[in-house]
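Order-wise, the sequence lines are chains A and B. Position one of the first sequence corresponds to residue 1070 (the numbering used here), numbered consecutively onward. Position one of the second sequence corresponds to residue 1260 (the numbering used here), numbered consecutively onward. Ideal placement from N, C-alpha and C gives every residue a C-beta, glycine not left out. Predicted model, so just to flag it, every value in this text is computed and none were measured. Inspection log for the structure reproduced underneath, given as structure tokens.
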Amino acid sequence: MRRVETGNHVAAWGARLARVEVVSAYPITPQTQVIEEISRFIDEGEMDCEYIPVESEHSAMAAMIGSAAMGVRSFSATSAHGLLYMHELLHWAAGIRLPMVMVNVNRALGPGWNIWCDHQDTIAARDTGWIQIYCASHQEILDTTIQAFRITEDPKVILPVMVCYDAIFLSHNYMQVEIPDQETVDRFLPPFRSLWKLDLDYPLTHGAVIYPDDYEEVRYSMFQGLDNAREAIKAAAAEYRDVVGSFHGDMVETYRMEDAECALVAMGSMASEAKVAVDELRERGYRCGVVRVRSFRPFPREELRELLAPLRAVMVIDRSVSFGLEGPLYSEVKAVIYGHSDAEVYDIITGLGGRDVTYELMVENTEAALKGRLEQETRWPTVRLNEHHLVMKKGLEEYWKKEGVR
Amino acid sequence: MRLRDFPEDEVFLQGSAACQGCPGSAAIRVAFKALGRKTILAVIASCTSVFQSPFPLSALDVPTINMAFATGGAVASGITAAADRLVARGEFEEKPNILVWAGDGGTYDIGIQALSGAAERDADFIYVCYNNEAYSNTGTQRSGATPYAAWTTNTTKGKEEWRKDIPQIMVAHGVPYVATASLAYPTDMYNKFAKAKEIKGTRYIEIQAPCPPGWKFPSSHTIKVARLAVQTGMWMLYEHEGGKTTYSAGTQRIIQGQSKLVPVEEYLKEQGRFRHLFSPERDEVKIAEIQGRMSHIFETLQFTHKMKEHIMDIELAPPR
């Protein structure tokens, strides 16, 4: 069935086709349409599911942990401050080893209030033990949401999955999507059988006090689970292509990388813009390609090493900041090719708080890098200097003098 | 139900890591006598997280999930929603009891939002607050449940505020069942759990839990202190359902005039946390303040009890 939908509605379709049985969520712009659509599906009898309209995101995740611990397929949706508010329980959900899927609409963090796109929210949740997959199109949101259940329920993984997509660009814009029929999805995604649950016939205590003697083993097993997720993500993407038909890459998606000497590395919808930039760069005689990091956790270590190590240059485009260092994606790209490559690695931080990222910007910066005009460091090419820069540069006294403040 | 008629089956097993004289473990034992094994338990960060015993041992012989501090009402909402699905699918013949076990910190303070949300949604579970009137697990800091004038490690001269009344806040939510219980009246507690078990919706039971190390009394005096709390009016036993409050056990006897209200001093003197009220010199003002409050509450209740026979069948909620 071909429909024109918002990214949010498409995520709701993903949950519906995955036969989710418990949804627990709290509204936050720009995620609201996901839960509105799910509520409508339930009210109109199109989805057989319990919807818990919790009073906060912290409770949304706590309720998800409760329902998933009962062995029932569970789903939630959030964004930005909601994700931060449930941060404690993100760790809990992963640590207690429960399969569940949550979509997160990537939105900038306050203050000031900004409902537009950047990746700071999910980057802040990087080390929670969740799998994070970033989407670049509506079709991918649908397909990834369904695939996510296969990944999270894989007995070698059993860690929750966060499906991330960009606020407004993907959440609210309408795009054409192909919605597979229920029978096809059922062939791909079998009913959920949990590895453990709160079982009356086999009563166990979960999440009790654990001493230093045992704790490290628990964390190591989570580490292994995320490592195993690499294979699970690849297998899910490949099988989904066979059964349902569409494919958006697995750990990474590549574009025109076959003969490339330079790669643009980005996540989310910005990577689609990078494809346009690469076409333009090739027009100008630079053999460039795009590597879109689809799975940020687990990080595509081997894939990036293989793709990027032989290149002359890599341009990373970050849509978030690690304050006090550089772009987070930049750090990680450098880390995985370290010792394997002589490639020059550049970084720009741009697109924060929904600022437009144009292909011209990417072309300009990549061209400058390839001409040797840039340092290998993080730059903020789209930032405009403001009053505070004057204070930082000249000191408060000078600034007050300028402003006429006594 | 008499004490000797309690079922013999023990869900709370021997060898737990609780302190001597622990009221929490005694309360869990009575609760499970009434609820039975068809119960799913969520333990919220509290002493119970510790005294159930560390991994890989457990003193709890029912499926148990330990959860973060502020999640009581929420995790139970998830469990009960999932249990409804499993009943609908036919995996459960009948819905198990869903029990949240939280302390006063996890209920009065950090967990009130999740509890209030769940109560407003009338999520189907029993919420127990075992109230030891402080953060005993972290070494006895004040909580919203700590009584007036009580010493804690961060109210070293005695708390200056009165506790808030969470059972009445739960009554105000309009949930189908609210009850308070005391370790000194185990059959009353048993009956309340047995009744709660048969009701659907959010049910709230609060058990006063005198904590020997936190309240500074000998560990053999837990039940004695619990009884004195009721006899002096410092803890009241009642249940509220269908818009009506009914007092029970020791509290009922005082209201009906069968026993006298014991002076609060008897209760305060038992506990080291109130010692500063008696030495180096007696703090007559504070003792009188507490006594005055208890006397006022019970005089009001005794008066309405007498009026009830003549005017209308109504029992007041505990006055403030």
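Next item on the list: Within the same chain, show all residues whose beta-carbon is closer than 7 angstroms to that of B:G1460, passing over the 5 residues directly before and after it, in chain order.
Entry: Along the second sequence, one-based indexing puts residue 1460 of chain B at 201. Taken in chain order, the residues that qualify are D1381, D1383, V1434 and P1435.
Notebook entry, point to check: With a Cβ-Cβ cutoff of 9 angstroms, do B:Y1449 and B:M1260 count as a contact?
Noted result: The residue given as residue 1449 of chain B occupies position 190 in the second sequence. The residue given as residue 1260 of chain B occupies position 1 in the second sequence. Cβ distance < 9 angstroms, so B:Y1449 and B:M1260 count as in contact.
Next item on the list: Please compile the residues from chain A whose C-beta is within a distance smaller than 7 angstroms of the C-beta of B:P1313.
Entry: Numbered from its first residue, the second sequence carries residue 1313 of chain B at position 54. Those within 7 angstroms of B:P1313 in chain A are A1277, V1278, I1279 and Y1280.
Check: Can you tell me the Cα-Cα spacing of B:V1309 and B:V1359, whole angstroms?
Finding: What you label residue 1309 of chain B is simply residue 50 of the second sequence in a count that begins at 1. What you label residue 1359 of chain B is simply residue 100 of the second sequence in a count that begins at 1. Going from the Cα of B:V1309 to the Cα of B:V1359 covers about 16 angstroms.
Note to self: For a cutoff of 9 angstroms on Cβ pairs, would you count B:M1326 as touching chain A?
What the structure shows: Here residue 1326 of chain B is taken as the residue at index 67 of the second sequence, counted from 1. Chain A contact via Cβ: present.
Notebook entry, point to check: In chain B, what lies closer than 8 angstroms to A:P1122 by C-beta?
Noted result: What you label residue 1122 of chain A is simply residue 53 of the first sequence in a count that begins at 1. Those are R1380, listed as they occur along chain B.
Notebook entry, point to check: Between B:M1553 and B:G1492, is the Cβ-Cβ spacing less than 9 angstroms?
Noted result: Numbered from its first residue, the second sequence carries residue 1553 of chain B at position 294. Numbered from its first residue, the second sequence carries residue 1492 of chain B at position 233. Going by C-beta atoms, B:M1553 is nearer than 9 angstroms to B:G1492.
Next item on the list: Mind reading off the beta-carbon distance from B:G1332 to B:A1304? Whole number of angstroms is fine, and I expect it under 8 angstroms.
Entry: Numbered from its first residue, the second sequence carries residue 1332 of chain B at position 73. Numbered from its first residue, the second sequence carries residue 1304 of chain B at position 45. Actually they do not touch by this definition, with Cβ atoms about 14 angstroms apart.
Check: For the alpha helix (DSSP H) that contains A:L1152, what are its first and last residues?
Finding: Locating residue 1152 of chain A in the first sequence gives position 83, counting from the first residue. It spans A1149 to Y1154 - the alpha helix (DSSP H) in which A:L1152 sits, taken as one unbroken run.
Next item on the list: Look at A:R1363 and A:Q1245 and say whether their C-beta atoms are less than 9 angstroms apart.
Entry: Taking the first sequence and counting its residues from 1, the one referred to as residue 1363 of chain A is at position 294. Taking the first sequence and counting its residues from 1, the one referred to as residue 1245 of chain A is at position 176. For A:R1363 and A:Q1245, no; Cβs fall outside 9 angstroms.
Item checked: A:R1370 - DSSP class collapsed to helix/strand/coil -> In the first sequence, counting from the first residue as 1, residue 1370 of chain A sits at position 301. Correct three-state label for A:R1370: helix.
Notebook entry, point to check: Taking the Cβ atom as the reference point for each residue, do A:A1343 and A:I1386 lie within a distance shorter than 9 angstroms?
Noted result: Locating residue 1343 of chain A in the first sequence gives position 274, where the first residue counts as 1. Locating residue 1386 of chain A in the first sequence gives position 317, where the first residue counts as 1. Cβ atoms of A:A1343 and A:I1386: closer than 9 angstroms.
Note to self: What does the Cβ neighbour count give for B:A1443, buried or exposed, with the cut at 16 atoms within 10 Å?
What the structure shows: Within the second sequence, the letter at position 184 stands for residue 1443 of chain B. Counting Cβ neighbours within 10 Å, B:A1443 comes out buried, since at least 16 surround it.
Check: Does the beta carbon of B:A1286 sit closer than 9 angstroms to a beta carbon anywhere in chain A?
Finding: If you number the second sequence from 1, residue 1286 of chain B lands on position 27. No, B:A1286 lies away from the interface with chain A (no Cβ there is under 9 angstroms from its Cβ).
Note to self: So A:L1178 and A:H1160 are supposed to be a Cβ contact under 8 angstroms. How far apart are they, rounded?
What the structure shows: The residue given as residue 1178 of chain A occupies position 109 in the first sequence. The residue given as residue 1160 of chain A occupies position 91 in the first sequence. 19 angstroms between Cβ atoms; not a contact.
Margin query: Going residue by residue through the stretch 1183 to 1266 of chain A, where are the continuous beta strand (DSSP E) segments of at least 3 residues, counting only ones entirely within it?
Written below: 1200 to 1203, 1230 to 1235 and 1243 to 1247
Margin query: Considering just the uninterrupted stretch of the alpha helix (DSSP H) at A:Q1102, what are its terminal residues?
Written below: In the first sequence, counting from the first residue as 1, residue 1102 of chain A sits at position 33. Where A:Q1102 is concerned, the enclosing alpha helix (DSSP H) stretches over T1101 to D1112.
Note to self: Against chain B, with Cβ distances strictly below 9 angstroms, would A:M1431 count as a contact?
What the structure shows: As a working mapping, residue 1431 of chain A is identified with position 362 in the first sequence. False, the Cβ-Cβ gap to chain B never drops below 9 angstroms.
Notebook entry, point to check: For a contact meaning CB atoms closer than 7 angstroms, what does B:A1335 contact in chain A?
Noted result: To locate residue 1335 of chain B, count along the second sequence from 1; it is residue 76. Near B:A1335 (Cβ distances below 7 angstroms), the residues of chain A are G1135.
Notebook entry, point to check: What residues in its chain sit with their C-beta under 6 angstroms from that of B:S1312, if we drop five residues either side in the sequence?
Noted result: Within the second sequence, the letter at position 53 stands for residue 1312 of chain B. The answer, listed in chain order, is S1275, A1276 and A1318.
Notebook entry, point to check: Around the Cβ of B:K1503, are there at least 16 other Cβ atoms within 10 angstroms (buried) or fewer (exposed)?
Noted result: The residue given as residue 1503 of chain B occupies position 244 in the second sequence. When all chains shown are included, B:K1503 counts as exposed.
Notebook entry, point to check: Using the C-alpha atoms, what's the distance from A:W1469 back to A:S1136?
Noted result: Numbered from 1 along the first sequence, position 67 holds the residue referred to as residue 1136 of chain A. Numbered from 1 along the first sequence, position 400 holds the residue referred to as residue 1469 of chain A. Rounded to whole angstroms, A:S1136 to A:W1469 spans 58 angstroms at the Cα level.
Check: Since B:N1356 sits in a beta bridge, which residues does DSSP pair it with?
Finding: What you label residue 1356 of chain B is simply residue 97 of the second sequence in a count that begins at 1. DSSP, once it has assigned bridges, lists B:T1298 as partnering B:N1356.
Notebook entry, point to check: Who are the near neighbours of A:M1139 in its chain, counting only those whose CB is closer than 7 angstroms to its CB and skipping five residues on each side?
Noted result: Here residue 1139 of chain A refers to the residue found at position 70 when the first sequence is read from its first residue. Here the set comprises K1266 and L1267.
Next item on the list: With B:R1512 as the anchor, note down where its alpha helix (DSSP H) starts and where it stops.
Entry: The residue you call residue 1512 of chain B lines up with position 253 of the second sequence. Run containing B:R1512: A1508 to I1514, per the alpha helix (DSSP H) assignment.
Checklist line | Residues near B:L1520 in its chain [Cβ-Cβ closer than 8 angstroms; skip 5 each side] | finding: Working through the second sequence from its first residue, we reach residue 1520 of chain B at position 261. Result list for B:L1520: Q1490, T1491, G1492, I1513, M1553, S1554 and F1557, in chain order.
Check: For B:I1369 versus B:I1338, is the C-beta distance shorter than 9 angstroms?
Finding: The residue given as residue 1369 of chain B occupies position 110 in the second sequence. The residue given as residue 1338 of chain B occupies position 79 in the second sequence. No; because the gap between Cβ atoms is not below 9 angstroms, this pair is not in contact.
Check: Terminal residues of the continuous alpha helix (DSSP H) containing B:F1384?
Finding: For this step, residue 1384 of chain B is matched to residue 125 along the second sequence. Not the alpha helix (DSSP H): B:F1384 falls in the beta strand (DSSP E), residues F1384 to N1390.
Next item on the list: Check whether the stretch 1426 to 1433 of chain A touches the stretch 1394 to 1404 of chain A, taking contact to mean three or more Cβ pairs, one atom from each stretch, closer than 8 angstroms.
Entry: no
Item checked: Element boundaries [beta strand (DSSP E), containing A:L1350] -> Counting from one through the first sequence, the residue named residue 1350 of chain A turns up at place 281. Here A:L1350 belongs to no beta strand (DSSP E); instead the alpha helix (DSSP H) covers M1339 to E1352.
Notebook entry, point to check: the stretch 1364 to 1375 of chain B: which residues have C-beta closer than 9 angstroms to a C-beta of chain A, in chain order?
Noted result: Q1372, A1373 and S1375
Next item on the list: Leaving aside the five residues before and after A:P1227 along the sequence, list all residues of the same chain whose C-beta is less than 8 angstroms from its C-beta, in chain order.
Entry: Counting from 1 along the first sequence, the entry for residue 1227 of chain A is found at position 158. In the sequence under discussion, the amino acid at residue 1227 of chain A is Ile, which differs from the Pro named in the question. So the qualifying residues of the chain are R1166, L1167, P1168, T1221, L1264 and G1294.
Margin query: Please list, in chain order, the chain B residues whose beta carbon lies closer than 8 angstroms to that of A:L1158.
Written below: Start at 1 with the first residue of the first sequence, and residue 1158 of chain A comes out as number 89. Near A:L1158 (Cβ distances below 8 angstroms), the residues of chain B are A1327 and T1330.
Notebook entry, point to check: Checking contacts by CB at 9 angstroms: is A:T1274 closer than that to chain B?
Noted result: Start at 1 with the first residue of the first sequence, and residue 1274 of chain A comes out as number 205. At least one chain B Cβ lies under 9 angstroms of A:T1274.
Next item on the list: Measure from the alpha carbon of A:I1417 to the alpha carbon of each residue in A:G1408, A:M1155, A:V1383 and A:G1393, then state which is nearest.
Entry: Your numbering for residue 1417 of chain A matches position 348 in the first sequence. Of the listed residues, the one whose Cα sits closest to A:I1417 is A:V1383.
Next item on the list: Kindly indicate which residue of A:F1365, A:S1148, A:D1282 and A:G1422 has the alpha-carbon position closest to the one of A:V1402.
Entry: Translated into positions along the first sequence, residue 1402 of chain A becomes position 333. Taking only the C-alpha atoms, the option nearest A:V1402 is A:F1365.
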